[in-house]
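Presented below is the structure to which this report refers.
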Amino acid sequence: MSNDAALKEPFESLDRQRLSAALGMWIFLASEVLFFGGMFLGMTIYRQIHPDAIMEAARETNVLFGSINTALLLISSVTMVLADKAAEKGLKSAVLAFLAATAALGLCFLVLKGFEYREDIHEHLVPGPDFKLHTPAAQLFFGFYWIMTGVHAVHLTIAIVAVSTYFVRIWRGGFPFEGSAALPVLGLYWHLVDIIWIFLYPLLYLGGRT
Amino acid sequence: MTDAAAIRSAEAKEPPSYLKAGRTVASWLTTTDHKRIALLYFGSITFFFFIGGAAATLIRLELISPEGRFFTNDGYNRLFTLHGVIMVWFFLVPSIPTTFGNFLLPLMVGAKDVAFPRLNLMSWYLNMAGGLLVLACLILGGVDTGWTFYTPFSSMFSNGYVVLAAAAVFVAGFSTIATGVNFIVTVHVLRAPGMTWFRLPLFVWTQYATAAVIVLATPVLAISLLLLMAERLFGLPIFDPAHGGDPVLFQHLFWFYSHPAVYIMVLPAFGVISEIVTCFSRRRIFGYTAMIWAILGIAVIGFFVWGHHMFVAGMSPFAALVFSFLSFVVAVPSAIKVFNWTFTLYRGQIYFEAPMIYALGFIGLFTTGGLSGLFTASLPIDVHVTDSYFVVAHFHYIMVGGSVSAFFGALHFWWPKITGRLAPDRWARFSAILMYFGFNFTFFPQFVMGYLGMNRRYHHYAPEFQIYHVTSSAGAAILAAAYLLPMGYLTWSLFYGRKAGDNPWGATGLEWQTTSPPPRENFVEQPRVDEGPYLYHPDQVAPFEEAPERRQQHDPQGKSDPTRAGMEE
Ligand SMILES: [Cu+2]
């Protein structure tokens with residue numbers, strides 16, 4: 001397949017186009033880091049103000065779900081990289097297999113997260129009048145828990161949809177995956193979603209258990 | 001040569017303008033041409049400017065009498081909130097970048113388009129989605145928190161449509177982030193051969209710095225609004241003091257965005273003024289590199305001064321001292337810019353055409369706004385004037401006196417490039433002068449009454465302030481006329497204005513080397529650059545001093561035009 005098919009306006013060379021796509025994604029990731037940064041900042045401050053209450057609440061999260069999900073996301077990042085490498089070498093069936101594995105691992109994460117949410121609700125870990133713990137500030141921790149994991153899940157869903165879209169486009173043929181910057185750029189986004197979880201995991205699951 | 005061949009070669013020389021590249025509504029709504037997207041944005045921000053302006057008119061009407069005649073307390077709260085939200089996020093923040101930035105950035109760096117044309121179109125649709133949300137909020141009854149959405153009032157007590165308004169700003173924020181990403185990559189990757197970083201026009205530098213601020217500050221606004229919405233919708237305690245949460249944390253997050261947002265609004269204006277002042281004084285910009293470092297300095301230091309909005313909200317004396325000091329520091333690069341514009345005028349050959357009058361007005365108003373900013377940066381005065389009309393006057397001098405003047409200056413300066421027609425200069429000069437006086441009439445009294453103790457956001461006030469409020473409202477009427485006038489004569493010029501030609505002002509810059517209006521691809525041939533910007537005269541030589549034959553010529557508008565000469569008699 002010709003690489004020219006991947007070239008789009010306003011670019012005159014594929015290298016510049018790939019460079020632009022990667023640069024654009026890196027800049028967007030910087031933006032995303034500040035987006036999540038606001039939540040990490042809030043959590044850090046509240047941990048300083050109410051260390052005991054936050055620790056007490058942090059012991060209530062389910063570390064088993066959290067650990068399995070961490071493993072799933074780490075593996076999915078590996079398959080994402082492999083898909084990208086396979087695309088560079090033009091191995092279509094390998095690209096498809098690795099993309100499918102990536103999306104499937106992401107989906108498993110979401111399903112497990114759903115089970116975890118169900119258990120959290122069951123255990124009255126949703127802030128409100130019948131919250132499980134009686135220290136008021138313990139609810140702050142779970143306020144952040146729900147928002148942070150929720151926003152992360154939204155990001156992961158977007159990433160899964162994007163991976164699946166490219167899976168379909170490559171599978172149908174006609175998508176110039178060798179020359180296109182789509183997979184490396186998609187990979188960058190996927191890894192960001194993974195890295196954010198790597199920060200969330202100790203913050204939400206391990207912090208209370210030291 | 002046969003006739004057909006002659007026609008073909010003529011067509012090859014002059015490709016159709018971007019305006020003629022497609023005439024259906026669909027061709028506009030699905031365009032990826034940065035110039036057309038700029039015009040889509042022109043339409044939407046003009047619309048929001050007049051909605052926000054209508055709210056301002058009602059506010060000034062209400063304040064004529066001290067008893068608050070027309071609105072309930074709640075209605076008045078909703079009115080100024082609407083004015084703030086719409087003017088900040090749906091006019092000022094997108095104003096210059098999405099219109100002139102979109103239109104000019106690729107032209108100025110010599111590119112065919114921005115780096116991601118489809119993302120550019122998507123940003124307009126996101127902006128429209130945000131706009132629809134804010135209109136829905138307005139129609140349903142509005143929101144009463146003030147544009148700052150302070151918790152815990154916004155998250156727990158307000159009975160307005162807070163979530164709708166916050167969602168509108170949230171969505172619009174992503175639209176500006178998309179524009180920011182696009183601009184940064186465009187400047188990095190798509191500069192024409194020979195267009196080095198230190199040959200870029202200052203307008204491009206300001207767009208670049210603005211884009212960086214947008215990309216790094218807007219997500220923090222997004223997350224603070226998201227936390228606010230989560231607290232209001234789902235009762236998650238985030239800023240709730242009853243659960244040990246801290247409402248001041250919201251203020252920190254909010255101002256971490258909203259102070260840099262001032263620079264999102266005013267840096268592009270700096271770029272516009274640099275282009276206009278050099279062109280109409282036929283001088284190179286004074287201190288080009290200093291200007292660039294000032295732009296970057298403002299962008300960076302601007303991130304570390306947010307605390308000056310919270311001196312009375314409770315912070316340690318040490319923190320207050322640091323924020324106060326840094327707020328003084330950030331004024332230095334702004335002052336460098338003002339001095340450099342003035343030095344550019346020095347020994348220049350100044351033409352008082354409409355864009356220049358707007359630009360000179362900008363310098364005066366921005367300086368006043370900036371100096372009053374130093375008052376509010378110093379702790380004792382800030383405590384005295386906090387939440388008073390002094391602060392209202394201060395930021396209106398920067399945002400309206402500064403940014404809006406620059407917007408109108410840019411509109412008149414690049415109007416011939418965008419439309420191919422010249423605006424009638426006498427009308428334009430008249431409305432520029434009218435805007436300057438109308439503005440000062442409106443806002444200078446607010447400095448005085450604010451210092452004397454008139455609180456902002458109140459529509460009942462002590463009768464001794466009435467004289468200031470009446471003056472201010474009278475000025476607002478003049479200002480409104482000055483904003484409406486261009487609507488009339490610019491529309492007129494679309495049909496009857498003189499044809500502009502490629503470069504009516506004799507300006508430097510790649511955008512003036514292509515046709516007016518430019519073709520879809522911007523340039524017939526890829527431009528090449530081998531010299532710096534603003535070469536209005538040979539190096540180190542002032543106009544009128546030496547080598548007059550070597551300086552770039554400029555025809556004052558109308559002088560050589562027989563039809564206009566007739567009109568003046
Ligand atoms: Cu500020």
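Those protein sequences? They're chains A and B, same order as listed.
Taking the UniProt record's numbering, the leading residue of the first sequence gets 1, the next gets one more, and so forth.
Taking the UniProt record's numbering, the leading residue of the second sequence gets 1, the next gets one more, and so forth.
Heads up, the beta-carbon is just placed ideally off N, CA and C, and yes, glycines get one too.
Collapsed DSSP secondary structure at residue i in the structure displayed
i, result
"Pro519 (chain B)", "strand"
"Arg36 (chain B)", "helix"
"Arg199 (chain B)", "helix"
"Asn455 (chain B)", "strand"
"Ser388 (chain B)", "strand"
"Ser17 (chain B)", "strand"
"Gly143 (chain A)", "helix"
"Val404 (chain B)", "helix"
"Phe80 (chain B)", "helix"
"Val383 (chain B)", "helix"
"His243 (chain B)", "helix"
"Trp505 (chain B)", "coil"
"Thr61 (chain A)", "coil"
"Gly42 (chain A)", "helix"
"Met108 (chain B)", "helix"
"Tyr536 (chain B)", "coil"
"Thr289 (chain B)", "helix"
"Gln207 (chain B)", "helix"
"Ala335 (chain B)", "helix"
"Phe175 (chain A)", "coil"
"Arg23 (chain B)", "coil"
"Trp414 (chain B)", "helix"
"Arg426 (chain B)", "helix"
"Ser93 (chain A)", "helix"
"Met435 (chain B)", "helix"
Bridge partners - residue i, DSSP secondary structure assignment
i, result
"Lys499 (chain B)", "B:Arg421"
"Asn159 (chain B)", "The partner list for Asn159 (chain B) (beta bridge, DSSP) is empty, contrary to what the question assumes."
Any C-beta of chain B under 7 Å from that of residue i
i, result
"Gly114 (chain A)", "no"
"His50 (chain A)", "yes"
"Arg59 (chain A)", "no"
"Gly106 (chain A)", "no"
"Ile27 (chain A)", "yes"
"Leu204 (chain A)", "no"
"Ile147 (chain A)", "yes"
"Gly42 (chain A)", "yes"
"Leu188 (chain A)", "no"
"Ala97 (chain A)", "no"
"Gly24 (chain A)", "yes"
"Gly90 (chain A)", "no"
Test: residue i CB closer than 7 Å to a CB of chain A
i, result
"Gly235 (chain B)", "yes"
"Ala547 (chain B)", "Its pLDDT being 46, under 50, Ala547 (chain B) is placed unreliably by the model, and the measurement read from it follows with that caveat. With 7 Å as the cut-off, Ala547 (chain B) does not count as an interface residue toward chain A."
"Asp539 (chain B)", "no"
"Ile264 (chain B)", "no"
"Val189 (chain B)", "yes"
"Leu249 (chain B)", "yes"
"Asp33 (chain B)", "no"
"His243 (chain B)", "yes"
"Pro219 (chain B)", "yes"
"Leu228 (chain B)", "no"
"Ile223 (chain B)", "yes"
"Ile238 (chain B)", "yes"
Say whether the segment 439–447 of chain B touches the segment 489–508 of chain B, bearing in mind that this needs 3 or more beta-carbon pairs closer than 8 Å, one atom from each stretch.
-> no
Can you find at least 3 beta carbon pairs, one from the segment 252–260 of chain B and one from the segment 219–226 of chain B, that sit closer than 8 Å?
-> yes
Three CB pairs or more closer than 8 Å across the segment 16–27 of chain B and the segment 497–511 of chain B | Contact between the segment 16–27 of chain B and the segment 497–511 of chain B is absent, because fewer than three Cβ pairs lie under 8 Å.
Do three or more CB pairs link the segment 239–253 of chain B to the segment 136–154 of chain A at distances below 8 Å?
-> Because the criterion of three Cβ pairs below 8 Å is met, the segment 239–253 of chain B and the segment 136–154 of chain A touch.
Can we say the segment 397–417 of chain B touches the segment 328–345 of chain B, given the rule of at least three CB pairs closer than 8 Å?
-> no
Is it a yes or a no for the segment 47–66 of chain B touching the segment 471–481 of chain B, going by three-plus beta-carbon pairs under 8 Å?
-> yes
Would you check if the segment 449–464 of chain B and the segment 416–429 of chain B touch, i.e. whether three or more CB-CB distances between them fall below 8 Å?
-> no
Indicate whether the contact test is met: 3 or more Cβ pairs, each with one atom in the segment 100–119 of chain B and one in the segment 128–136 of chain B, closer than 8 Å.
-> No contact exists between the segment 100–119 of chain B and the segment 128–136 of chain B.
Is the segment 160–169 of chain A touching the segment 115–134 of chain A in the sense that three or more CB pairs, one from each, lie closer than 8 Å?
-> With fewer than three CB-CB distances shorter than 8 Å, the segment 115–134 of chain A does not count as touching the segment 160–169 of chain A.
For the segment 41–52 of chain A against the segment 63–80 of chain A, are there 3 or more C-beta pairs whose distance is under 8 Å?
-> no
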